[in-house]
Amino acid sequence: MKELDTMEQIGVFTKNALEAAEKLYGDDIKEADFTIIQPYANGQGMILRVGDDENGERATKLDTIDTLTILPTIDATLDIYEEEAQDDDAE
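Mapped onto the numbering used here, the consecutive letters of the sequence shown carry residue numbers 21 to 111.
Dropping the structure here:
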């Protein structure tokens, strides 16, 4: 199996993740909290999280992991986000 340079992949993943987020959130990217996951072979992966930290400051966190497991999507939404969705629908 091909082996990739981790530091190089961090740069590639970060660039690709932020480009994807810009397409999804547009101008709202500066306020949006989001997480992007890049799976690799053998359960490895990278996770990029962007959002406000405990002090209200904008923060980016990137983790590389060797035990990534992604479960199948559940065809339902969580009730804690229902109000946001209704607010978006009303606009």
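Every residue, glycine too, gets a C-beta built ideally from N, C-alpha and C.
A quick note: this is a predicted structure, and the numbers were derived from the prediction, not measured.
Neighbourhood of residue i by C-beta distance below 8 Å, restricted to the same chain and skipping five residues each side
i, result
"D73", "A79"
"D47", "none"
Collapsed DSSP secondary structure at residue i in the structure displayed
i, result
"I100", "helix"
"M27", "helix"
"T55", "strand"
"I67", "strand"
"D72", "strand"
"Y60", "coil"
"L44", "helix"
Per-residue burial, residue i [other beta carbons within 10 Å of its own, 16 or more giving buried]
i, result
"G65", "buried"
For residue i, the first and last residue of its enclosing beta strand (DSSP E)
i, result
"L82", "R78 to I85"
Cβ-based neighbour list, residue i, same chain, cut-off 6 Å, excluding 5 preceding and 5 following
i, result
"I67", "I57 and D83"
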